Structures are given as structure tokens and as C-alpha cells.
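Numbering follows this note's numbering, with no gaps: position 155 of the sequence shown is 344. Quick reminder that beta carbons are idealized off the backbone N, C-alpha and C, glycines included. Please read all numbers here as calculations on a predicted model, not as lab measurements. Working notes, structure below.
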Amino acid sequence: DIKDPIPPLAQCMILYVLQIGYLTETINELTELFEVSYSTANRAVRWLQSKGFIFTGRVNNNIQFLFMGYELWDKALPYLISPIEKTIKVNTLPTNTLLSGKYIISDNNKTFAISKDVSKDISEDINGQFTVDIWKYNPMILSKDKKHADYLSLYLSLKDNTDKESSSIANKLIKEVKL
């Protein structure tokens, strides 16, 4: 049922498989890899199982994705949502920020992505010079260069925007990804 919202970690796991590498971990190993609690990892695994994306082995409980590449993207896309929980303005950037937003491919980008954990240490300023998107999952996990947010998450953050510029940029981003 699509009304059952995807847990942030489940989305992060799907995007990880699409962009970083295959996952065959146990729930305990997922907690270390994604720096989450056991209950968060367990919720994500149960959701992915219920939607038919993974199965777990009987012997060691390792997860296995049933689809890869474009087939996984195509089956997951109806469930995937924007990773952005909240957008704020700041004057000082915290550590562990990634370039983000619709201007990621331009030189004058002033939008950055951070995880909820990092957001606890910053103070908002409505007149701030930087825009910070607080993500539902840690964007650093999906960043290959540790400087830029991953393109699939950026696509998801832009795909439902109605302005033509965002739509155009979303289409450019998705074309850059090799599934």
C-alpha cells in the first residue's frame, strides 16, 4: 500500500544500493553502516520486506535486494519522497555539510544538506546567507565525494516542484545517474 510511508532509512538503503553498492548486511551491521538504532534498522527492513524489495536469509538473516539498477528504481519510485524535512537559513555552516539544492551544478550555489543530528548544533537566522536543508537521513552516507549531495536524493527533492526551473534541473540530474 503506497499510503504506508517509506521510513527514511528504507529510502536511504534503496538509494545506497542504486548508487554506492550492494547491501547484504544483517540488521546489526546496518545499524553500524547507517549509524542508526536497531529499531530504526529493523523498521526499515520490515518495510522493505513488506513491499517485496528484499528478503532475509534464514541462516544469518542477511538482507538481499531482489532488484537492482533501473528495475529497483522503477519499482521504488512511487514510494520515494523528498529527503528534506526542513529548510532553514544560517550565517555559519556546520561541519559535515554537502552542496545541495537545485543549483548544485552552478558556481554560485549557497544551499547545503545536513542530517538531523548535525542540525541540533546550528542556530537559525531568517536573514542568513546560506540555505540549509535538513534531511531525514544522513546525506553524507550517499555522497561519493563527501562534497555534494547524491543526485537521486536531489532529484527526489525537486521532482514534485511545479516551477519549470526545478523540473528542468531534476531531469538533468536523473540523466546524470547511471542505474
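Going by C-alpha distance, which of Q208, E221, Q238, G210 is nearest A199?
Q238
Is E214 helix, strand or coil by DSSP?
coil
With DSSP collapsed to three states, give me the class of I203.
helix
Cβ neighbours of I277 in the same chain (closer than 6 Å, five flanking residues each side left out)
E313, V321
Mapping DSSP to helix, strand and coil, what is S304?
strand
From L287 to K353, what does the alpha carbon distance come to, in whole angstroms?
24 Å
Report all residues from its chain with a CB closer than 7 Å to the CB of L282; omit the five preceding and five following residues, and keep chain order.
F301, F319
Would K291 and L331 qualify as a contact pair, given that the criterion is a beta-carbon distance under 8 Å?
no
Check V234 in the structure and name its three-state DSSP category.
helix
Candidates T351, E260, S355, N249: which alpha carbon is nearest G241's?
E260
Buried versus exposed, by CB contacts within 10 Å (16 or more), F223
buried
Measuring alpha carbon to alpha carbon, tell me which residue in E218, S289, D310 is nearest Y344.
S289
Ends of the alpha helix (DSSP H) at K361?
353–365
Euclidean distance between Cα positions of Y142 and N285:
Any answer about residue 142 is impossible in this case: the structure gives the chain only from 190 up to 368.
Which of the three DSSP states, helix, strand or coil, is assigned to F368?
The question names Phe, yet the displayed sequence has Leu at residue 368. Correct three-state label for L368: coil.
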